[in-house]
Structures are given as C-alpha cells and as structure tokens.
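A short worksheet on the structure shown next.
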Amino acid sequence: MDGLSLDEIERLIGAADGRDDDLWKTISGLGVARVARLLVEEIVFRADPANVHRTFDVGLELTGEGIAEPVGYVFRVRPEGQIEFFEGTSATAVHVISYDCADLVRDVFGHARTPRPSRRALRPRFEESHDPSRDRDLLESVLYSQRATTAVLSGIDAAPPDLGELSTRYLSDKWGGLHWFTPHYERHFGGLRHERLRILEIGIGGFEGRSTGGGSLLMWRRYFPRAVVFGMDIFDKSGLDQPRIKTLRGDQNNADWLTGIAREYGPFDIIIDDGSHINEHVLHSFSVLFEHLRTGGTYVIEDMWTSYCPGYGGDDAAVAGPSTSVGLVKKLVDALHHEEHHVAAGVAAEGVASKVAGLHVYRNLAFIDKGINIDGGIPRFIPRRGLV
Ligand SMILES: C[S@@+](CC[C@H](N)C(=O)[O-])C[C@H]1O[C@@H](n2cnc3c(N)ncnc32)[C@H](O)[C@@H]1O
C-alpha cells in the first residue's frame, strides 16, 4: 500500500476543518486504508515515550461511512518506551480506542480549538480472575496498562513540547551549546503552530549519511502538526523522508535549481537558511527564494557570525561589509524605509524593498518578514528639517 503523497496529506489536512460530507469525500477518494495508516504513523510519531515495565498492546478501531468492516491497528508499547504498530487486532489489547475515522482525522489534523467533548470510545479489556491471590498483580497491571494507553493517546491529544525541548530531543543545534535560537523561534512562530504551513529549511545536518541528521526537520514536524516540511541539502538525505517531511538534494548556491524546487513546492510560509553559512551562498539564496516566500511569511537567516569570518567570505572587521549576511540585513533596514528616500534606493531596484515588512535581529539570527511595505511614506508637507 502506497503512503499518501505530500499533496494528498495537504488535501486531508485542509479537509479536516471542513464539513463532514466533504471530509468523507476526501477520505474515500484517498482510500480509508491509506488514511488510517497515515493517522497511525502520525500518532506514533507524536506520542510521548511510555514508562511501562512490560509490553502492552493497545488497539485502535476505525469505523465510519462506507467502512464495512472496522479498520483495526495495534500499538505495541515496549518497556524501552517506543511504540510499534501493525494492522490487525490483538487478543491481549488492554484498551481498544474506537473512532469514527473522520473524527480521528479532525483530532489529529484539525485546527486546535477549545477542548470539546470526547469523540472516541475507550474500552478497557481487564483480565478476569477468580483467584484473590492474584488481585494485587492484576491491579498493578491495570495501572501500568494505563500508562501504555496514555502514551498512545498523547499522540492524539498532547500539545507539542516547546522548541527547546524538541531541539534537544531530535539533536538539532538550535538550542544549547552552540546556539540559543529556539526562544526567538518560539516568539515569532508560536502563533502559527496550528496553521497549515509549507516550510523550507536549507541545511539538514548529519554530514554525508543518507539517514543521519534531520533534527530540525523532525522538530518542525512535531511543532507544527499541520505543516509539510521540505529540507534541502548538498548531500542526499532521502533516508529521512517520512510523512510531512520531504528532502531535496541540491546546492543552495545554484539559482536555477533553487528556482526549480521553489516553483515545484512553493510558495513557502517559512524559509530558514541553516545551510553552508558561506556569505555568498546566503545572499544568493535570499535573492532567489525571497520571491517564493508567501506574503505574510518569514525568511530566517541563521549563523550570521560568519559575516566576520574570512573563511566563509566574511570580513575580518568589526563592521561587516555589504557582501555578508549582516550586510544584507543592514541593507534591508534601508529597504524597509524605501518610501522615505523619495528616490529609489539600490535595494528598491531589486524589487525587495516594497516587500520587506519587518526585521527582527538577534545575535546570529535574523527574521525577515515579507509583506506589502507600501503606504506612501511621510507626506511631502511634513517639514524636511527639525522644527526647533
Ligand atoms: C548546520 S547543518 C544543518 C542543521 C540542521 N538545520 C539542524 O538544525 O538540525 C548545515 C547543513 O548544510 C549543508 N550544506 C552545506 N553546504 C550546502 C550547500 N551549498 N547547499 C545546501 N546545503 C549545504 C550541510 O551538508 C549540512 O548538512
């Protein structure tokens, strides 16, 4: 059975907020079995690690329009904390979670709103015993089994941890040791958590390995439950592809290639440059990709320390020059004020000025907001000299 493509996943996420009949049409069109598998994979990805002393099975049963036989899955919760899954049923499942498939789509991919009454049934399967000497063991078993079920349910209900914790969990370097970026990301992106987003990050990490790195891609996937995340890297990283994450191989300094992928997968809501950090590459990528950022979106540049580092094409001086990432940001401060110049400034000629709507600069990190930056500026009748 083929997994859902990114387009299909986006269609399902879009339908999760729609009317029941439209949602059911989307589920049937995509195939109930494929949708069920995606939901189970997503639940396992999001679930908190379980703290159990032995393996427990937890069942899932999906019913609904056009589903003749309930679709069954088993979550196998291991003492090491991880959860495996397979299609079918388990005679030893400690709970069976029953859902109308459309309701589970809404609970996993819908826009989070105020808490609502439960949309699922939760049926415990207690082991029966008529031997009083086993009562304590059975009670203990019930208590541990709750931990297993709670871990599975956390994959549906739990709010994502904060970015610092996710960065640490998935081994991104955005928090701790080298950088302290995540509170800034949290401030700028926290309000977008439940939006439908397309995110592009340059730089996946993990060196040459096909399946190594990807810490920040996983972090974004977990933090933004309704986003699709594209990661690009000079190395092949296709071993990291999974639902809602797609890797692309190419050079961030190659304008034709960047334009090609942006036309295919953009426009993006968020673009993050955490790639080579070579100043020429950073400026080049920005000059191509800013155009493919949605109006209202944000372009992020990390590791601007390389502006002061000749090994990265930076300047060995306290004041960074125009061909560095800090130089780009300084130029954009002027661009932001393009209407106050009353003549087209250099940056305005590139067409970027009227689209830079905000700049937020932290140490080694810049957020460039894209918007419509045209409001006429300060009128001519306001005196062009100080009044006193
Ligand atoms: C700092 S790591 C990315 C870390 C990752 N974003 C995270 O937070 O977990 C930088 C990545 O940029 C990639 N890279 C280097 N030069 C590149 C280029 N010219 N184009 C695209 N990617 C490049 C490297 O292979 C490396 O994987």
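Start counting the sequence shown at 0; every next residue gets the next number (numbering that gives the first Met the number 0).
A virtual CB, placed ideally from N, CA and C, is assigned to each residue, including glycine.
From a predicted model like this one, the values you see are computed outputs, not experimental measurements.
- Rounded to the nearest whole angstrom, the CA to CA distance from leucine 137 to threonine 148 is 16 Å.
- Leucine 177 and methionine 218 do not touch by the CB rule: their CB atoms are close to 15 Å apart, not below 8 Å.
- Contact annotation: glutamate 301 and histidine 276 have beta-carbon atoms nearer than 9 Å.
- A contact between stretches requires three or more CB pairs, one per stretch, nearer than 8 Å, and the stretch 245 to 255 fails this requirement with the stretch 73 to 83.
- The three-state reading of DSSP puts lysine 24 in helix, counting H, G and I together.
- The Cβ-Cβ distance between phenylalanine 84 and arginine 220 does not fall below 9 Å.
- Distances from the CB of glutamate 7 to the heavy atoms of ligand 1 are all 8 Å or more.
- Each of Glu7, Ile367, Phe125, Asp273 was checked against the Cα of glycine 230, and the nearest Cα belongs to Asp273.
- A residue is called buried once 16 or more other Cβ atoms fall within 10 Å of its Cβ, and asparagine 363 is buried on that count.
- Counting along the chain, glutamate 68 sits inside no alpha helix (DSSP H), nor does DSSP assign it H or E at all.
- By the C-beta density criterion, asparagine 50 is exposed, having fewer than 16 other C-beta atoms within 10 angstroms.
- Annotated as proximal: lysine 369 and threonine 297, with beta-carbon spacing under 9 Å.
- C-alpha of leucine 282 to C-alpha of glycine 375: approximately 28 Å in a straight line.
- For the pair leucine 335 and alanine 319, the CB atoms are not nearer than the 9 Å cut-off.
- The three-state reading of DSSP puts threonine 305 in helix, counting H, G and I together.
- Judged by DSSP secondary structure, glutamate 41 falls within the alpha helix (DSSP H) whose first and last residues are 31 to 45.
- The alpha-carbon of histidine 337 is positioned some 11 Å away from that of alanine 356.
- Taking 8 Å as the cut-off, one finds no heavy atom of ligand 1 near enough to the beta carbon of glycine 163.
- Serine 97 and arginine 122 do touch by the CB rule: their CB atoms are close to 7 Å apart, below 8 Å.
- The count of Cβ pairs closer than 8 Å, one atom from the stretch 98 to 107 and one from the stretch 33 to 43, reaches three, so the stretches are in contact.
- When the Cα atoms are used, glycine 326 and cysteine 308 turn out to be separated by approximately 13 Å.
- Remark: the C-beta of isoleucine 201 is in contact range of ligand 1, defined as less than 8 Å to any heavy atom.
- Pairing glycine 190 with phenylalanine 180, the inter-Cα distance amounts to about 17 Å.
- Within 8 Å of the C-beta of methionine 0 there is not a single heavy atom belonging to ligand 1.
- In this structure, serine 171 has its beta carbon less than 8 Å from a heavy atom of ligand 1.
- Excluding the 5 residues flanking it on each side, alanine 226 has same chain C-beta neighbours closer than 6 Å at Leu196, Ile198, in chain order.
- In this structure, the C-beta of aspartate 273 approaches ligand 1 to less than 8 Å from one of its heavy atoms.
- Annotation for aspartate 240 indicates a beta carbon at 8 Å or more from all heavy atoms of ligand 1.
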